[in-house]
Structures are given as structure tokens and as C-alpha cells.
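One structure is given here, and the rest of the page talks about it.
There are 2 protein chains.
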Amino acid sequence: MTARDTGTEQLIKNTAKNLFFAEGKLHATTQEIADAAGVNRTLVNYYFRSRDALFDQVFHDAQKELLDLLDDVIDSDMPFKEKMKNLIDVFMNQAMQFPYRELFIITEMNRHDVIESKIARVEKVNGMLQEIEAEMEKGTIRKMNPRHFLINLFSMMAYPLVTAPLNKIIFNMNDQDYTALMEERKKLIFETIFP
Amino acid sequence: MTARDTGTEQLIKNTAKNLFFAEGKLHATTQEIADAAGVNRTLVNYYFRSRDALFDQVFHDAQKELLDLLDDVIDSDMPFKEKMKNLIDVFMNQAMQFPYRELFIITEMNRHDVIESKIARVEKVNGMLQEIEAEMEKGTIRKMNPRHFLINLFSMMAYPLVTAPLNKIIFNMNDQDYTALMEERKKLIFETIFP
DNA sequence: CTTTTGTTTAACATTTTTGTCAAACTCAAG
DNA sequence: CTTGAGTTTGACAAAAATGTTAAACAAAAG
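The listed protein sequences derive, respectively, from chains A and B. Note that numbering that gives the first Met the number 0 has the first sequence beginning at 0, numbered continuously upward. Note that numbering that gives the first Met the number 0 has the second sequence beginning at 0, numbered continuously upward.
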């Protein structure tokens with residue numbers, strides 16, 4: 000076995016991810032993916048067997064990428080405030096590059112029977128929730144259901160990038176303006192959750 | 000001309016909206032729409048000429064529904080705080096019913112050359128931004144770029160409903176729990192923007 | 001009751017998208 | 001250079017989705 004590895008498999012997958020996550024073409028055809036990658040469409044079948052199989056792989060990859068990101072933050076033993084600053088920076092950078100990744104995950108969740116009982120993860124999130132409650136006790140952040148704290152945080156980070164096309168029209172801004180607004184936003188979100 | 004009006008046209012459109020906005024099937028086929036409406040697929044073509052034409056109509060409807068909602072709030076001459084309370088209540092109720100409506104608009108914006116220079120609306124939004132700035136001067140809300148204020152508000156309202164399936168898993172909640180969390184959220188958002 | 005007109009249906013045609021296969025190709029190993 | 005494995009390609013087949021048409025149907029108008 001020679002395992003020549005021309006990189007085509009990765010190229011196809013990465014191109015697909017770019018179409019899905021960056022350009023928001025959540026249901027691109029195999030032809031569109033192949034064209035964007037500059038390869039023959041048949042190679043999608045050669046490497047991934049079927050369109051669905053490719054989508055499955057990308058779906059699981061995306062899920063893992065997202066959860067790994069969260070794990071990195073949760074598991075780091077920085078002080079809470081540092082953690083949050085870090086999270087905002089890393090997550091928003093990713094969101095600016097791949098605004099539609101979470102949407103892809105969500106729309107694909109319909110197709111995948113998501114029975115995956117992520118019990119270990121649930122416990123991890125519970126740990127995070129407790130850490131947040133502890134901060135509320137300390138008075139560094141406002142008291143509330145800690146789930147709302149996390150929901151607020153991720154909403155403020157992710158949504159404005161998903162709705163960028165709409166917002167640009169509503170606010171009459173061009174791409175450059177909007178990117179600047181999103182950079183400015185990192186600081187603002189931090190100040191919003193730590194009043 | 001008798002104009003018999005069996006209500007089929009509206010039935011098809013409403014069913015499509017429900018699939019798109021409520022169930023998140025943003026690229027449902029004509030067959031799926033017809034099945035959900037309980038009518039023959041050919042009727043989609045009879046009433047709307049083509050699949051694209053149906054999507055176009057729903058797209059423009061959704062755009063109008065959303066903008067009308069905003070107009071109602073902006074144009075009402077209540078005090079600012081009342082306006083916001085009202086907006087949160089109305090918008091979140093709609094978001095709970097049609098969580099994917101804005102996503103549909105955004106994904107469809109790729110297909111529609113959105114040249115629509117909504118200059119009149121831009122002025123309206125500018126008015127709103129000025130009203131927000133005035134409130135900041137008065138000290139009722141925290142000082143920031145007023146665009147961030149609006150973005151924060153809509154993010155906190157809309158995103159948790161889009162990501163409901165994901166959040167239910169992460170937080171280990173069932174549908175009922177999550178609905179309760181969203182109801183509770185109305186008050187929380189109000190308190191977050193008026194600290 | 002018959003006609004007229006709008007509505008609905010089934011059968012068919014077309015287009016789009018996906019999947020398969022054998023042949024051509026490429027490059028490392030022998 | 002020749003062999004052989006993995007890779008790429010084009011032609012073809014199959015499936016899915018959309019669109020068209022003529023005929024059947026239903027209800028109001030005459």
C-alpha cells in the first residue's frame with residue numbers, strides 16, 4: 000500500500016466546509032463543491048462514497064471543532080475573567096471566519112438522530128454553570144439563571160455574524176465598516192457581561 | 000369572473016412558511032410542501048407558476064412582516080422603556096413561533112439581488128439610533144455605539160431560539176423546560192439592557 | 001339542466017442531481 | 001523500463017425534483 004495522498008480528500012472536505020460555514024451555502028450540490036475545489040465531481044464519490052457521507056463527516060467535524068473550542072476554555076485554569084476574555088477573542092475570530100458553522104450543525108441535526116447522550120459533556124457544562132454561579136456570588140457578574148449568562152454570551156458573539164448581510168443593509172454599512180464593528184464588539188461584549 | 004377562492008393558494012403559502020420558519024426546512028421541495036398542505040403537487044405550479052416564484056413571494060412576505068414589526072415599534076410614541084418592553088414581548092413571541100424566519104430571509108438574500116435601496120428605512124433606523132443615543136445621554140442605558148445596543152437586543156432575542164435544538168442538548172433540557180426558559184428570558188433581556 | 005369558468009388530478013416530459021463503472025493516468029516500487 | 005497500486009476522468013445509468021398538458025371535476029351563472 001502506497002498511500003499516495005494527493006491531498007484531494009482534504010481539499011474537497013475543506014472546500015465543502017468553506018462553502019457551508021463561510022458562504023452559508025448549507026445545501027450545496029456535489030457539483031458546486033467539486034467546482035469550488037477545482038476537481039472532478041466523481042472524486043467526491045471516490046473519497047466519500049456519497050454526498051450524505053460527506054455531509055456526515057463535515058457535520059461531525061464541525062461538532063467536534065465547536066466542542067473542542069469550548070473544552071479548551073472550560074478546562075483552562077485561568078481566572079474566570081481571563082477565560083471569558085479569551086473565549087470572546089477566539090470564538091469571535093472563528094465566527095468571523097465561519098459565521099454559519101453553528102447553523103450548519105443545527106440544520107443537519109434534523110437529519111441525524113442526535114441520540115448521542117453526551118453525558119460526560121453535560122457534566123462539563125454543569126461544572127461551567129457552577130463556576131458562573133460562583134462568580135455571581137462573588138459579585139463580578141450580575142445574578143441570573145447561569146444558562147442565560149451563557150446564552151447571552153454566545154448570542155451576542157454569533158448572531159451578528161449570521162445576520163451580517165441583513166445588518167449591513169439596515170445600518171447602511173459596507174464590509175469594511177462591519178468588520179470594524181465586529182472587532183469593536185469584542186471589547187463591548189466583555190464590558191457587557193462584566194458591568 | 001367568479002373568483003371561487005378555495006383558499007388553496009393561501010394554504011400552500013402558509014404551509015410553506017410553516018415549514019421554512021417554524022421547522023427550519025429552508026430548502027423544502029415542492030413535494031414536501033404539497034404533502035404538508037395535503038394537496039396535489041401540481042397546485043404549487045398552478046398557483047405560483049414555479050418553485051422559485053413561491054420562494055420569492057414567501058421571501059418578500061417575510062421581509063415585510065419583519066419590517067412592519069419594527070415599524071410598529073419605532074413609530075409608536077410610547078416612552079422608550081415601554082417601547083422596548085413591548086418589542087421584546089412581541090418579537091420573542093414571534094421568534095418562539097417562527098425561529099427560522101430571519102434565517103430564511105438571510106439565506107434567500109443570496110439568490111435575490113438585494114439592490115432594494117431602502118433609503119426611507121435607513122432614515123428610519125437612523126432615527127431609532129438617535130433615540131437610543133438620547134437615552135444613553137439621559138443615563139437610562141449604558142453608553143456604547145447604538146448599533147451594538149440594537150444588535151445585542153436582537154441577538155439575545157433571536158439566537159437562542161435558532162439554536163434551541165443544540166441548547167437543549169447542551170443544557171440537558173426538554174421542550175417544556177426550554178419554553179419556560181425563553182419566557183423567563185423576556186424579563187431578563189429587559190433587565191440586561193436597562194441595568 | 002346546461003354552460004361556463006375556475007379548480008384539481010394524473011400522466012407525461014424535462015431538467016437537475018447523484019451514483020457507477022471501466023478506461024486512462026500517475027507515480028513509486030521492483 | 002515495467003509493474004502495480006492508488007488516482008483521475010468521461011461516459012453512462014439511475015434517481016429525484018421540477019414543470020407541462022389534457023382531461024376530469026365542481027360550483028356558480030344562465
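Note that CB positions come from ideal geometry on N, CA and C, so glycine has one too.
Contacts of residue i in chain A (Cβ-Cβ under 7 Å)
i	result
alanine 157 (chain B)	Tyr158
phenylalanine 170 (chain B)	Val124, Arg146
threonine 235 (chain B)	Nothing about residue 235 (chain B) can be reported from this structure: the residues present for chain B run from 0 to 194 only.
Interface partners of residue i on chain A, CB under 8 Å
i	result
glutamate 136 (chain B)	Result: empty, since nearest Cβ-Cβ is about 18 Å, beyond 8 Å.
Chain A within 8 Å of residue i, Cβ atoms only
i	result
isoleucine 150 (chain B)	yes
lysine 183 (chain B)	The sequence as given places glutamate at residue 183 (chain B); lysine does not occur at that position. Yes, contact with chain A.
methionine 0 (chain B)	Unreliable placement is indicated for methionine 0 (chain B), whose pLDDT of 44 sits below 50; the coordinate value is still reported in the next sentence. No, methionine 0 (chain B) does not count as interfacial toward chain A.
Test: residue i CB closer than 8 Å to a CB of chain B
i	result
asparagine 166 (chain A)	yes
histidine 26 (chain A)	yes
proline 194 (chain A)	yes
valine 121 (chain A)	yes
leucine 180 (chain A)	yes
leucine 53 (chain A)	no
Closer than 9 Å at the beta carbon, the chain B residues around residue i
i	result
threonine 191 (chain A)	Arg141, Met143, His147, Asn151, Thr191
Interface partners of residue i on chain B, CB under 8 Å
i	result
glutamate 130 (chain A)	What glutamate 130 (chain A) touches in chain B: nothing, since even the nearest Cβ is about 15 Å away.
Buried or exposed by the 16-neighbour rule on C-beta atoms within 10 Å, applied to residue i
i	result
proline 194 (chain A)	exposed
glutamate 182 (chain B)	exposed
arginine 100 (chain A)	buried
glutamine 62 (chain B)	buried
arginine 210 (chain A)	Coverage of chain A is limited to positions 0 through 194, which leaves residue 210 (chain A) absent and any answer about it impossible.
alanine 179 (chain A)	exposed
methionine 91 (chain A)	buried
proline 78 (chain A)	exposed
methionine 45 (chain A)	In the sequence as displayed, the identity of residue 45 (chain A) is tyrosine instead of methionine. So tyrosine 45 (chain A) ends up on the exposed side.
arginine 184 (chain B)	buried
arginine 110 (chain A)	exposed
threonine 106 (chain A)	buried
asparagine 125 (chain B)	exposed
glutamate 81 (chain B)	exposed
threonine 5 (chain A)	exposed
asparagine 173 (chain B)	exposed
alanine 133 (chain A)	exposed
lysine 16 (chain B)	buried
asparagine 206 (chain B)	This structure cannot settle anything about residue 206 (chain B), because the visible part of chain B is limited to 0 through 194.
lysine 186 (chain B)	exposed
threonine 14 (chain B)	buried
threonine 28 (chain B)	exposed
threonine 191 (chain A)	buried
histidine 26 (chain B)	exposed
7 Å Cβ cut-off: residues of chain B touching residue i
i	result
leucine 187 (chain A)	Met143, His147
Cross-chain neighbours of residue i in chain A, by beta carbon under 9 Å
i	result
serine 75 (chain B)	None at all; the shortest Cβ gap to chain A is about 19 Å.
Q) At a cut of 8 Å, does the stretch 91 to 111 of chain B reach the stretch 18 to 32 of chain B through at least three beta carbon pairs? A) Three or more Cβ pairs closer than 8 Å define a contact, and the stretch 91 to 111 of chain B meets that threshold against the stretch 18 to 32 of chain B.
- request: Please name the residues in the stretch 95 to 111 of chain A whose beta-carbon is closer than 8 Å to at least one beta-carbon of chain B, in chain order.
  value: Glu101, Leu102, Ile104, Ile105, Thr106, Met108, Asn109
- Query: Hey, is the stretch 135 to 153 of chain B in contact with the stretch 61 to 71 of chain B, meaning 3+ C-beta pairs nearer than 8 Å?
  - Reply: Under the Cβ criterion (8 Å, minimum of three pairs), the stretch 135 to 153 of chain B does not count as touching the stretch 61 to 71 of chain B.
TODO: With 9 Å as the C-beta to C-beta threshold (strictly closer), list the residues of the stretch 14 to 48 of chain A near chain B in chain order.
DONE: Glu22, Gly23, Lys24, Leu25, His26
**Asked** So, do the stretch 80 to 88 of chain A and the stretch 52 to 62 of chain A have three or more beta carbon pairs nearer to each other than 8 Å?
**Response** In short, these stretches do not touch, since the Cβ pair count stays below three.
>> So, does the stretch 151 to 166 of chain B touch the stretch 44 to 52 of chain B, judging by three or more C-beta pairs under 8 Å?
In response: no
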